[in-house]
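Just below is one structure, and these are the notes that go with it.
Numbering (my numbering), first residue to last: 16 to 86.
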């Protein structure tokens, strides 16, 4: 799990690149959680693919990102 508050943007952006194309859960401020495939990582936002619908999440609203582990 990557905690956003512990890494400057450059470091955590590099850290979550390993999750690109994988199913992740993104916790946003306000205790909202969105699940989907991490489709893109941009300097200001990430894109989650949820049932073939893109969800754009601003980086400054992200609290943590956690990948789903394969069993």
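No residue lacks a Cβ here, since even glycine has one placed at the ideal position from N, Cα and C.
Boundaries of the beta strand (DSSP E) harbouring residue 64: 60 to 65, taken from the DSSP string. Rounded to whole angstroms, the gap between the alpha carbons of residue 75 and residue 60 is 8 Å.
For residue 43, same chain residues with a beta-carbon under 8 Å away, outside a window of 5 residues either side, are 49, 72, 76, 77 and 78 in chain order. Rounded to whole angstroms, residue 64 and residue 26 show a C-alpha spacing of 23 Å.
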